[in-house]
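Going by UniProt numbering, the sequence shown opens with residue 1, and the numbers climb by one from there. Note that the Cβ used here is the ideal one computed from N, Cα and C, for glycine as well.
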Amino acid sequence: MKTTGLAGALCALATALGISSAHAQILIGQTVGITGSAAATVAESMQGAALYIDHVNAKGGVGGQKVEVISLDDKFDPKLTLQNAKTLIEEKGVIGLFMTRGTPHTQGIMPLLEQHGVPLVGPSTGAMVLHQPVPKYIFNVRAPYQREVEKAITHLNTLGIKRIGVVHVDDTFGADGLAGAQSGFKANQLDALFIEKFDRAKPDYSAIAPRVAQKQPQAVVFIGTGAAVVDGIKALRSAGVTGQIVTLSNNASGGFVKLLGDQARGVVVTQVFPSERSLNYPVVKEAMELARARNISDLTPAMVEGFVSAKVLVEGIKRAGPKPDRAKLHAGLESIKKWDLGGVELSYSPTDHSGLVFADLSIIGSDGRFKR
């Protein structure tokens, strides 16, 4: 894949996730939006994963075998996600997939995972459809989106904020987040001030923003991804919306903050991992130390997600034993019980592939950092 500029840099980062294929013995596949609307956050999560996988490989890999993650760019297009997954599984022979991004994207490859018995570790989506009913081949790491939205609405209510509306992308991710919002409204005896939806492929806020402004919301929960949410927030502010903006953990990246520019300050972003600056969590301290060794001065929430997900992947490979294959990796992952990742505990079983239950809120400060 020959690219230039930002795309080239991101593809180089994808290569950095593993070692050269000439020396790799354990192949893991990833299809993700290296370019496209989610690219900024994807770059950071991949960088976080690379910190841990490169560290493991530098120490000899797993059981003397090094790990290579083959990353293909799906441009955040569900159709390309499916094509890439087929290539990785049927042509590259990967024993597992890792950190897909997007709800419809991940849903679209579920039949393929079933067909070939391929585990997927750490999809970067908290859709409830990936938790219940329990999909045999998907091992979640992050908590569900619905829990994030419910927590956010409860928090707003405790602050006396009652006039809350929802703007969501018109796809399965948006519908899932909306379901969480509706549960949050019900639990707090509130009604949504408004519910607006926008097209995932071609977001257009020219009509939505004035309608939202007329409602004079105290807060807007914005459910969407990356650049689409950035454009939406800017459109709302331009239309005169002054209320609190809340968005979900899929936008918890430094790249998202940079895209928002002077509109970033005060935006609330839900979080599903410990703070990237919290030394109280050994896993964060470990990531910090490895980042400093690479001359990376600051972690971001997206990097922490990538790092933690990589730890789970490698633990599954370790438990798969010698000569790991798809079935052994699946069994290895399912054997993880009350495993301490470094201040947070994760368990799987045949009836539970949900992973962590951690959920928190952050707000973007004037320095562009997420504050808890």
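Own chain partners of residue i with C-beta closer than 7 Å, once the 5 adjacent residues on each side are dropped
i      : result
Gln189 : none
Asp199 : Asp170
Glu305 : Ser45, Gly48, Ser124, Arg142, Phe273
Lys328 : Ala320, Gly321
Ile208 : Val167, Glu196, Phe198
Glu334 : Tyr348, Ser349, Pro350
Lys337 : Ser347
Gly93  : Leu27
Asp191 : Phe185
Beta-carbon contacts of residue i that lie in its chain and below 6 Å, excluding the five residues immediately before and after
i      : result
Ser309 : Met99, Gly122, Val141
Thr4   : With a pLDDT of only 36 at Thr4, under the threshold of 50, the placement of this residue in the model should not be trusted, and no figure is reported.
Phe194 : Gly165, Lys215
Gln65  : Gln25, Ile26
Tyr205 : Gly232, Ala235
Gly332 : Gly316, Arg319, Ala320
Phe307 : Gly48, Leu51, Tyr52, Ala287
Leu290 : Leu51, His55
Leu313 : Phe98, Val121
Ile161 : Gln218, Ala219
Arg326 : Ile95, Gly117, Val118
Trp339 : Leu346
Beta-carbon proximity of residue i to residue j, cut-off 8 Å
i      : j      : result
Glu150 : Gly184 : yes
Leu113 : Arg294 : no
Pro78  : Pro104 : yes
Leu299 : Glu315 : no
Gly226 : Thr41  : yes
Ser278 : Val284 : yes
Leu156 : Tyr137 : no
Pro324 : Ile53  : no
Val267 : Ile364 : yes
Gln271 : Leu361 : yes
Gly355 : Tyr281 : no
Ala127 : Thr172 : yes
Val69  : Val62  : no
Gly108 : Leu82  : yes
Gly102 : Phe139 : no
Thr154 : Ala181 : no
His330 : Pro135 : no
Tyr145 : Leu259 : no
For residue i, the residue or residues it bridges with in DSSP
i      : result
Arg292 : In DSSP, Arg292 forms no bridge with anything.
Ser124 : Arg101
Ser354 : For Ser354, which the question treats as bridged, DSSP gives no partner whatsoever.
Ile70  : Gly29
Ala219 : Ile164, Gln244
Leu346 : Trp339
Phe370 : Ile364
Ile138 : Leu120
Gln65  : Val62
Gly96  : Ile28
Val169 : Phe198
Any chain D beta carbon closer than 8 Å to residue i
i      : result
Val357 : Absent from the structure is chain D; it holds one protein chain and no more.
Sequence-distant residues of its chain with Cβ nearer than 8 Å to residue i (five each side left out)
i      : result
Val357 : Ala143, Arg147
Ala22  : At Ala22, the pLDDT of 37 sits below 50, so the modelled position is not reliable and the matter cannot be decided from this model.
Pro217 : Arg163, Ile164, Gly165, Leu193, Phe194, Val241, Gly243
Ala359 : Ala143, Arg147, Glu148, Lys151, Thr270, Gln271, Val272
Val246 : Ala152, Leu156, Ala219, Val220, Val221, Phe222, Val267, Val268, Val269, Thr270
Arg211 : Phe194, Glu196
Inset, instruction - Taking 8 Å as the threshold, find out whether the stretch 252-271 comes into contact with the stretch 232-239 through three or more Cβ pairs. - result: yes
Inset, instruction - Would you check if the stretch 24-38 and the stretch 80-89 touch, i.e. whether three or more CB-CB distances between them fall below 8 Å? - result: yes
Inset, instruction - Please determine if the stretch 215-231 and the stretch 174-184 are in contact, where contact requires at least 3 C-beta pairs separated by less than 8 Å. - result: yes
Inset, instruction - May I ask you to verify whether the stretch 242-259 touches the stretch 365-372, counting CB pairs closer than 8 Å and requiring at least 3? - result: yes
Legend entry - Whole runs of the alpha helix (DSSP H) within the stretch 183-217, excluding any shorter than 4 residues: 208-215
Inset, instruction - Counting only runs of 4+ residues fully inside the stretch 267-292, write out the alpha helix (DSSP H) ranges in chain order. - result: As far as the stretch 267-292 is concerned, it has no whole alpha helix (DSSP H) run of at least 4 residues.
Legend entry - Ranges of the beta strand (DSSP E) found wholly within the stretch 221-264, counting only runs of at least 3: 244-247
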